[in-house]
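Chemist: Handing you this structure, nothing more for now.
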Amino acid sequence: MTTLTKQPDPGLSVPRGPRKSRKRGKPSDGFRGIGDLKVALFFIAPAMVGLILFYLVPTIRGIYLSFTEYSILGDPEWIGARNYERIAKDPLFWNALGVTSEYVVINIVLQTALALGLAILMHRVAKSTLIRGALLMPYLMANVIAALLWFWMLDYQIGIINQIIEWTGLPRVAFFGSEQWAIPTQALINTWRHMGYTALLIFAGLQAIPNSVYEAASIDGSKAVSTFWRITLPLLRPVLVLVLVVTVIGSFQVFDTVAVTTAGGPVNATRVLQFYIYQRAFNEQDFGYGSALAVILFLILAIVAFIQMKFLRGNQSDLD
Amino acid sequence: MTTLASHKNGARRRPFSRPFNWRRAIALTLLAVAIAVSILPFYWVLRTALSSNGSLAANSANLLPADFNLGAFKRVFGLQSASEAIAEGGSGASINFWQYLWNSLLFSGITTACAVFFSSMAAYAFSRLRWKGRDAVFSLFLATMLVPPIFTALPNFLLIKNLGLLNSMLGLVLPYLFMTPFAIFFMRQFFLNMSREVEEAAMLDGAKHWRIFFQIIMPNAAAPIATLALLTFMGQWNEYFWPLLVGTSEESRVLTVGLGVFKSQSPQGAPDWSGLMAATLVSATPVLILFAIFGKRIVNSIGFNGTK
Chain V
58 MTTLTKQPDP
68 GLSVPRGPRK
78 SRKRGKPSDG
88 FRGIGDLKVA
98 LFFIAPAMVG
108 LILFYLVPTI
118 RGIYLSFTEY
128 SILGDPEWIG
138 ARNYERIAKD
148 PLFWNALGVT
158 SEYVVINIVL
168 QTALALGLAI
178 LMHRVAKSTL
188 IRGALLMPYL
198 MANVIAALLW
208 FWMLDYQIGI
218 INQIIEWTGL
228 PRVAFFGSEQ
238 WAIPTQALIN
248 TWRHMGYTAL
258 LIFAGLQAIP
268 NSVYEAASID
278 GSKAVSTFWR
288 ITLPLLRPVL
298 VLVLVVTVIG
308 SFQVFDTVAV
318 TTAGGPVNAT
328 RVLQFYIYQR
338 AFNEQDFGYG
348 SALAVILFLI
358 LAIVAFIQMK
368 FLRGNQSDLD
Chain C
1363 MTTLASHKNG
1373 ARRRPFSRPF
1383 NWRRAIALTL
1393 LAVAIAVSIL
1403 PFYWVLRTAL
1413 SSNGSLAANS
1423 ANLLPADFNL
1433 GAFKRVFGLQ
1443 SASEAIAEGG
1453 SGASINFWQY
1463 LWNSLLFSGI
1473 TTACAVFFSS
1483 MAAYAFSRLR
1493 WKGRDAVFSL
1503 FLATMLVPPI
1513 FTALPNFLLI
1523 KNLGLLNSML
1533 GLVLPYLFMT
1543 PFAIFFMRQF
1553 FLNMSREVEE
1563 AAMLDGAKHW
1573 RIFFQIIMPN
1583 AAAPIATLAL
1593 LTFMGQWNEY
1603 FWPLLVGTSE
1613 ESRVLTVGLG
1623 VFKSQSPQGA
1633 PDWSGLMAAT
1643 LVSATPVLIL
1653 FAIFGKRIVN
1663 SIGFNGTK
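Have a look at this one:
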C-alpha cells in the first residue's frame, strides 16, 4: 500500500490568497524567516520521538552491533569486521541467500504473471467491488493464518489437495516434508495471499489509462494483442515496477510462514535469511552476528530498490 | 481511489448482443476459478473446525464436517478439561484464546489510535504549515520506509529489554505508538488537497493552529482517517515478528503468536487439525467482520498512490 510515485510536489508551492492563484515551483515563496517553525515543532514532536527512538537510533545501533561480539549478557565487544569475515565463509548464510533468492524468484514470476492476468480479466469482464473484495480476502489474513490453513490443506496424509492429486492418478506430494518442494510451497502460500492484492494494484493502473489512448490505437487498426504489448504494458510500467519492488522487498523478508510451518527444515531447505537472523540472534544469543546478517539483508534490499527504480524508471509515467 | 475514473465509457467493451461470446465466457470462467481459489480455503477451515478431530482421517475428502461437533472451539477457549482435550486429539496444554483475543485487540487498538493521531499531527505540519527544512525532514520520514523491520527489531528488542518492558503490553506497543511513515505520507497527501479557504477564514478570526487542526482539519479528514485506521488496525492485527520477540507471556501474547504456540504444542504425529482450524478461524474473525462492514472502503483504498 505504500505506493510512492514521484510527482511534482504540490506541497512545495505555498498557495497565497485565493486558490486559483496557486503557482508551482517556487519553494522559497512565502517563507518568512523560520515561518511556522515553532508550531510545526509542536505538531511533529510525537512523530519525531518515534523516528529518533525507534528508527534512527536503532539503525545506528544496529550497524554498531554488527561490528561487535555481543551475547545480550555483558557489554558488546568491538571486534571490527570479523562478523562479516565469518559470514563470507558461513555455508549456512550462503544457503540462506540461495533459498531466499529461489523464493523471491518464484514469487516474482508466479505472482506478477497471475496478478497481471487477473487484473486484465477484471478490467475486461467484471469490475464489481464484490469480486475485487473476494480476491482481496486472502491478503487480509495474517501470514500465520495463511500458513496454517495451507499446512492443513497440503498435509501429506489427509490434506484435501493431496486427495485431489491422488484422484487424478498422480503420486502424493510431500509439500512441506521434501527439500525440493519446501520453498516452492512457501512461495505458493505467499502467492495465494498476495495474488488478489497485486491484481488490484495493477487493476488500478489499468483504470488510470485513458480510453482515448485505446481509441486512437483502434482507429489506427491495432489488433488486441499488439495493443496489449505496445500500449497497455508500457503504460503500466510504473505500476508494474512498483509491484516488483514491493514483491521483491517483501519476499526477501519472508519469515512468518516459515517460522510457523517448517521452521527452516527439512534440513536447511527453508532456512531463509530472516529466519537465520532470528535463530542466530535469539536462539543462539549471537546478537553481533545477527546484526551483521541484518545489515547485509538491508544492503541487498537497498540495492534491489535502487536498481529497480533507476533502470526501470519506475518513478516516471509515460502518461504525463 | 483511482478506480472510478473510466467506468462509463463502453467503447472498448465487447457488445453483449452476440449469440454466445465464448471469449467472454472463458474470461468469466478463469475469474471464477481465481475467486474459488481465494475463498474456498476459508470454507475448508470452517468445515474442519466443526469436525471432530478423530473422524477427519476417515472422511478426509468429505465436503461436510466430519462428525459435527464444537469440541474444537471449546479446546481453543480453554473450556475443555485436559483429559477431554487429549481424548479428542488435543495436546491438553492450557490455551486460552479469549486472553489472546483481548491482547490482540489492545495491541492493535492502542497502536492504531495513537499512530494515526500522531501521524496526522505530523502530516499537518508537513502540508499546511510553512517552515524551513520541512521537505528535508519529511524525506527523512519517508526514507524509514526502506528500512526492513528485522533490522530495527534487534536494537529495539534490546531497548525494550533494557527498559524492563519485555513481556508487557507497553513494551509491545511502544515502537508503533508515535507514527508510521506510511500514515504520515497518507494523511499528508490528503491534507495537501484540502481547500485553504475555511482555514484562512479561521486564521483571520485569530484561531490558533491547534484549534484549526482539531476543529477544521480533523473533522474534514474523517473519511481518510477511517480508511487509514482500518488499514493500520488490520496490519497490526496480523503482526507476528515483533510480538514473537517481545510478547511471550500469557498477558502479552497476541493471537498470531498464540496460534504459533498452539500449533507447536499440537501432537506431532497426529496434529489436532480441528482445534488448529478453530483457532485459525477465531483469529481471522475480527478481520472478517471488519471486512464485511467496511469492505468497499478497504477495496477502494488499494491502489491509492496519493495522486488522486
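Chains as they are written, first to last, in our numbering: chain V, 58 to 377; chain C, 1363 to 1670.
Think of the CB as a built atom: it goes at the ideal place given N, C-alpha and C, for glycine as much as any other residue.
Report the residue from V/L258, V/D93 and V/A320 whose alpha carbon sits nearest the alpha carbon of V/V298.
Modeler: Against the first sequence, residue 298 of chain V aligns to sequence position 241. Taking only the C-alpha atoms, the option nearest V/V298 is V/L258.
Chemist: Quick check on the DSSP output: what are the complete alpha helix (DSSP H) runs of length 4 or more inside the region 230 to 297 of chain V, in order along the chain?
Modeler: You should have 236 to 265, 268 to 276 and 281 to 284.
Chemist: Just how far apart, CA to CA, sit C/R1659 and C/F1576?
Modeler: Reading the second sequence from its first residue, position 297 is the one you call residue 1659 of chain C. Reading the second sequence from its first residue, position 214 is the one you call residue 1576 of chain C. If you take the alpha carbons of C/R1659 and C/F1576, they lie about 24 Å apart.
Chemist: Taking all protein chains shown into account, do 16 or more other C-beta atoms lie within 10 angstroms of the C-beta of C/R1573, making it buried, or fewer, making it exposed?
Modeler: One-based indexing of the second sequence puts residue 1573 of chain C at position 211. Exposed, because fewer than 16 other Cβ atoms sit within 10 Å of the Cβ of C/R1573.
Chemist: Excluding five sequence neighbours on each side, which residues of the same chain lie with their C-beta closer than 7 Å to the C-beta of C/F1653?
Modeler: By 1-based counting over the second sequence, the position of residue 1653 of chain C is 291. Counting only Cβ-Cβ distances below 7 Å, and skipping sequence neighbours, we find I1660.
Chemist: Mark C/L1402 as exposed unless 16 or more other C-beta atoms lie within 10 angstroms of its C-beta, in which case mark it buried.
Modeler: Start at 1 with the first residue of the second sequence, and residue 1402 of chain C comes out as number 40. Result: exposed.
Chemist: Tell me whether C/F1500 is buried or exposed, calling it buried when 16 or more other Cβ atoms sit within 10 Å of its Cβ.
Modeler: By one-based count along the second sequence, residue 1500 of chain C stands at place 138. It counts as buried.
Chemist: With H, G and I counted as helix, E and B as strand and the rest as coil, what does DSSP make of C/S1626?
Modeler: On the second sequence, residue 1626 of chain C is found 264 positions in, with the first residue counted as 1. Three-state result, C/S1626: helix.
Chemist: Return helix, strand or coil for C/L1426, following the three-state DSSP convention.
Modeler: Indexing the second sequence from 1 puts residue 1426 of chain C at position 64. Coil at C/L1426, not helix or strand.
Chemist: So, under 8 Å CB-CB, C/S1530 and C/S1614 are touching, yes? Tell me the CB distance rounded to an integer number of Å.
Modeler: Along the second sequence, one-based indexing puts residue 1530 of chain C at 168. Along the second sequence, one-based indexing puts residue 1614 of chain C at 252. Sure, about 6 Å apart at Cβ, within 8 Å.
Chemist: Can you pull the chain V residues whose beta carbon is under 7 Å from the beta carbon of C/P1537, in chain order?
Modeler: Here residue 1537 of chain C is taken as the residue at index 175 of the second sequence, counted from 1. Here the neighbours are F111.
Chemist: Does the distance from the C-beta atom of V/N164 to that of C/Y1602 stay below 8 Å?
Modeler: Here residue 164 of chain V refers to the residue found at position 107 of the first sequence. Here residue 1602 of chain C refers to the residue found at position 240 of the second sequence. It is not a contact, given that the beta carbons lie outside the stated cut-off.
Chemist: Can you give me, in chain order, the residues of the region 191 to 203 of chain V that have a beta carbon less than 7 Å from any beta carbon in chain D?
Modeler: Protein chains V and C are contained in the structure displayed, whereas chain D is not.
Chemist: Are the C-beta atoms of V/Y254 and some chain C residue less than 8 Å apart?
Modeler: For this step, residue 254 of chain V is matched to residue 197 along the first sequence. Interface residue, yes.
Chemist: Which first and last residues belong to the alpha helix (DSSP H) in which V/S123 is found?
Modeler: Taking the first sequence and counting its residues from 1, one reaches residue 123 of chain V at position 66. Element bounds for V/S123: n/a, residue is neither H nor E.
Chemist: On the three-pair Cβ rule with 8 Å, is the region 329 to 341 of chain V touching the region 275 to 293 of chain V?
Modeler: At 8 Å Cβ cutoff, the stretches do not touch.
Chemist: Starting from the C-beta of C/N1421, find all residues in its chain whose C-beta is less than 7 Å away, skip the five residues before and the five after it, and write them out in chain order.
Modeler: Mapped onto the second sequence, residue 1421 of chain C falls at position 59. Around C/N1421: A1428.
Chemist: With a threshold of 16 other CB atoms inside 10 Å of the CB of V/G82, please say whether the residue is buried or exposed.
Modeler: As a position in the first sequence, residue 82 of chain V is number 25, starting the count at 1. Caution is warranted here: a pLDDT of 40 is assigned to V/G82, below 50, making its placement in the model unreliable, and no coordinate value can be reported.
Chemist: Among the candidates V/R294, V/F232 and V/E236, whose CA atom is the shortest distance from the CA of V/G262?
Modeler: Indexing the first sequence from 1 puts residue 262 of chain V at position 205. Out of V/R294, V/F232 and V/E236, V/R294 has the C-alpha closest to the C-alpha of V/G262.
Chemist: Under 8 Å between the Cβ atoms of V/G119 and V/A351?
Modeler: Translated into the one-based positions of the first sequence, residue 119 of chain V becomes position 62. Translated into the one-based positions of the first sequence, residue 351 of chain V becomes position 294. In this structure, V/A351 lies closer than 8 Å to V/G119 by Cβ.
Chemist: Roughly how many whole angstroms lie between the Cα atoms of V/I222 and V/D212?
Modeler: On the first sequence, residue 222 of chain V is found 165 positions in, with the first residue counted as 1. On the first sequence, residue 212 of chain V is found 155 positions in, with the first residue counted as 1. If you take the alpha carbons of V/I222 and V/D212, they lie about 12 Å apart.
Chemist: So is the beta-carbon of C/I1546 under 7 Å away from any non-hydrogen atom of the ligand SAM?
Modeler: Among the components of this structure there are no ligands whatsoever, and the ligand SAM is therefore not found.
Chemist: For V/N247 and V/S235, I'd like the C-alpha separation in whole angstroms.
Modeler: Locating residue 247 of chain V in the first sequence gives position 190, counting from the first residue. Locating residue 235 of chain V in the first sequence gives position 178, counting from the first residue. One C-alpha to the other measures close to 18 Å.
Chemist: How far does the beta strand (DSSP E) with V/G131 in it reach, from first residue to last?
Modeler: Position 74 of the first sequence holds residue 131 of chain V. Residues L130 to W135.
Chemist: Do the region 1538 to 1557 of chain C and the region 1502 to 1518 of chain C make contact, defined as three or more Cβ pairs closer than 8 Å?
Modeler: Counting Cβ pairs under 8 Å, three or more are found: they touch.
Chemist: Any residues in the region 1638 to 1651 of chain C with a beta carbon nearer than 7 Å to a beta carbon of chain V? Which ones, in chain order?
Modeler: Residues passing the 7 Å Cβ filter: L1638, M1639, T1642, S1645, A1646 and V1649.
Chemist: Using a 10 Å radius around the Cβ and a threshold of 16 neighbouring Cβ atoms, would you call V/A273 buried or exposed?
Modeler: Your numbering for residue 273 of chain V matches position 216 in the first sequence. V/A273 comes out exposed.
Chemist: Which chain V residues sit within Cβ distance under 7 Å of C/P1403?
Modeler: Sequence index remark: in the second sequence, residue 1403 of chain C carries index 41 (1-based). Near C/P1403 (Cβ distances below 7 Å), the residues of chain V are L206 and M210.
Chemist: My understanding is that C/T1542 touches C/S1663, with C-beta atoms under 8 Å, so please give their C-beta distance in whole angstroms.
Modeler: Here residue 1542 of chain C refers to the residue found at position 180 when the second sequence is read from its first residue. Here residue 1663 of chain C refers to the residue found at position 301 when the second sequence is read from its first residue. Contact doesn't hold; Cβ gap of about 15 Å is too wide.
Chemist: Check whether chain V comes within 8 Å of C/F1653, counting only Cβ atoms and requiring the distance to be less than that.
Modeler: Reading the second sequence from its first residue, position 291 is the one you call residue 1653 of chain C. By this cut-off, C/F1653 is an interface position.
Chemist: From the beta carbon of V/R118, is the nearest beta carbon of chain C less than 8 Å away?
Modeler: Taking the first residue of the first sequence as position 1, residue 118 of chain V is located at position 61. For V/R118, the answer is yes, since a Cβ of chain C falls inside 8 Å of its Cβ.
Chemist: Give me the residue from V/F332, V/Q310 and V/F309 with the minimum Cα distance to V/A320.
Modeler: To locate residue 320 of chain V, count along the first sequence from 1; it is residue 263. Nearest option by C-alpha distance: V/F332.
Chemist: Go ahead and label C/G1526 buried or exposed: buried means 16 or more other beta carbons lie within 10 angstroms of its beta carbon, across all protein chains shown.
Modeler: Translated into positions along the second sequence, residue 1526 of chain C becomes position 164. Flag for C/G1526 reads exposed.
Chemist: Could you check where the alpha helix (DSSP H) with V/V166 kicks off and where it finishes?
Modeler: As a working note, residue 166 of chain V is residue 109 in the first sequence. Per DSSP, V/V166 belongs to the alpha helix (DSSP H) from P148 to V182.
Chemist: DSSP three-state label for C/K1570, please.
Modeler: Your numbering for residue 1570 of chain C matches position 208 in the second sequence. Coil, per DSSP.
Chemist: Are C/L1539 and V/G107 close, meaning C-beta to C-beta below 8 Å?
Modeler: Locating residue 1539 of chain C in the second sequence gives position 177, where the first residue counts as 1. Locating residue 107 of chain V in the first sequence gives position 50, where the first residue counts as 1. Yes, they are a contact pair.
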